[in-house]
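Numbering (my numbering), first residue to last: 65 to 512.
These notes concern the structure reproduced below.
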Ligand SMILES: Cc1cc2nc3c(=O)[nH]c(=O)nc-3n(C[C@H](O)[C@H](O)[C@H](O)COP(=O)(O)OP(=O)(O)OC[C@H]3O[C@@H](n4cnc5c(N)ncnc54)[C@H](O)[C@@H]3O)c2cc1C
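Below, the structure written as structure tokens:
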């Protein structure tokens, strides 16, 4: 590619779906890209979020990430956590990078909003992210400290797709246990694909006959409001009604196939603690009126051996990045820019807040085309054309001129800076024991 800005170097923080996408795009345009990943493997929520029964999807996404991180121009730096092993401020301001892209996802659970709840972590309270990570790695046993316990009658606070996965993990595993007691072998993938009632029927059994106490998901709003599918922003009443009916159908299908329960219109309000352990929650019954959530006078208790909070994931704080509440304090939410860091952009879950593979990849492409490539001047013959390519983003906010005016021109590092930067990267790679991507993959093993 005949590009005058070949000398640009970009750091990408996080090597999973969004990070690999933008890294490969920039590398294809002649930029030298350095991908810093905290874990040994770069697959992020594909390996540690998406439950392991999604075998084909996970395999496909692993291959996609591998292919993108092995493009010429991409250097992978594993086992390097920005904020711990390398300071964010230094990376952004001192290393000489033309741009830094945050693609670090959302790895912290949003805290259960009841005062004092976290005192019961491990004593009746469990958060979704460590629970799913442990489930995904359980068969391989490669994370011996990541343990999860599936108990009958779990109280799950949530309402999104991830909370349904948590409920499914419970009923799938409890069913497997009961089948094993009866000398019947099955596995999580078979049960998930065919559904619990169908597999049980094949053995002349019903879920009720197994005597399993299913988990219940307690959700603040109505079933129709569950964020299982989204309506376009400009949706009219008819479209919204269609989406709501779709959500209801989706949930009905899921509860039939996986035998868990859902209790809508329930907001967690207080802890029930006995003998120093969390043994349940008090909920307040809610009501939805004209799309607004309101509280009623009714309360009820839900008791169970464990309370699992699955109410969303938020970014882990990184020293040097200002927070606004639970989120990074972005001054521009479209392309994830931060006050005081003119060369920093953000892509994927960390800025969209959407727990979705396609959304992360699409956002990385959009930010790359419309902002980072325009900023670096590597987007094609014409910088304005790159800036205009912002499908799905509000035009009023981002005309090409505005993007370019606000971004200015990227400054490539000097030869001296490049040499020093490469030296620093090589040192980190050596410290991790990394040589090249292929032999590294053999060394650290295939993902679970
Ligand atoms: C239970 C569950 C089920 C899901 N099911 C689906 C599904 O069915 N379909 C779907 O589309 N999506 C699903 N998702 C969501 C989807 O997997 C994610 O939204 C998507 O993969 C996020 O991609 P990302 O690249 O934005 O972030 P991530 O995958 O989170 O990648 C961020 C990367 O940054 C790294 N990182 C973080 N901090 C640092 C740091 N300080 N320094 C260096 N590296 C760092 C992380 O290790 C990680 O590799 C599910 C998620 C969960 C939890």
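Think of the CB as a built atom: it goes at the ideal place given N, C-alpha and C, for glycine as much as any other residue.
The structure displayed is predicted, hence computed values, not measured ones.
Are residue 165 and residue 137 close, meaning C-beta to C-beta below 8 Å? no
May I ask whether a heavy atom of ligand 2 can be found less than 7 Å away from the beta carbon of residue 117? Of the ligands one can find in the structure shown, namely ligand 1, none is ligand 2.
Span of the alpha helix (DSSP H) holding residue 126? 119 to 133
Would the C-beta of residue 110 count as close to ligand 1, meaning under 7 Å from any of its heavy atoms? yes
Using the C-alpha atoms, what's the distance from residue 381 back to residue 411? 16 Å
Let me check one thing: in DSSP terms, what residues is residue 112 bridge-paired to? Beta-bridge pairing links residue 112 to no other residue.
Whole angstroms are fine: how far does the CA of residue 217 sit from the CA of residue 504? 43 Å
Just to confirm, does residue 222 get its C-beta within under 7 Å of one of the non-hydrogen atoms of ligand 1? no
CA-to-CA distance, residue 478 to residue 208, given in whole angstroms: 45 Å
Which of helix, strand or coil DSSP assigns to residue 288: helix
Can you look up residue 229 in the DSSP assignment and give me helix, strand or coil? helix
I'd like the ranges of any alpha helix (DSSP H) spanning at least 4 consecutive residues and lying wholly in the stretch 129 to 199. 152 to 157
Enclosing beta strand (DSSP E) for residue 363 [first to last residue]: 356 to 367
Cα-Cα, which of 173, 102, 385, 282 is closest to residue 154? 385
Ranges of the alpha helix (DSSP H) found wholly within the stretch 302 to 390, counting only runs of at least 4: none
Cutoff 8 Å: residue 219 Cβ touching any chain B Cβ: Although the question refers to chain B, the structure presented lacks it and comprises just one protein chain.
Taking Cβ positions, are residue 196 and residue 230 nearer each other than 8 Å? yes
Heavy atom of ligand 1 less than 7 Å from the Cβ of residue 83, yes or no? yes
Please determine whether the Cβ atom of residue 232 lies at a distance below 7 Å from any heavy atom of ligand 1. no
Using a threshold of 7 Å, is the CB atom of residue 77 nearer than that to any non-hydrogen atom of ligand 1? yes
Tell me, please, whether the stretch 171 to 178 touches the stretch 331 to 351 by the rule of three or more beta-carbon pairs shorter than 8 Å. yes
Residue 90, DSSP secondary structure in three states: helix
Can you tell which of 186, 232, 383, 224 has the C-alpha that lies nearest to the C-alpha of residue 199? 232
Can you check which of these residues, 128, 255, 109, is closest to residue 117 by C-alpha distance? 255
Could you spell out where the beta strand (DSSP E) holding residue 280 opens and where it closes? 280 to 282
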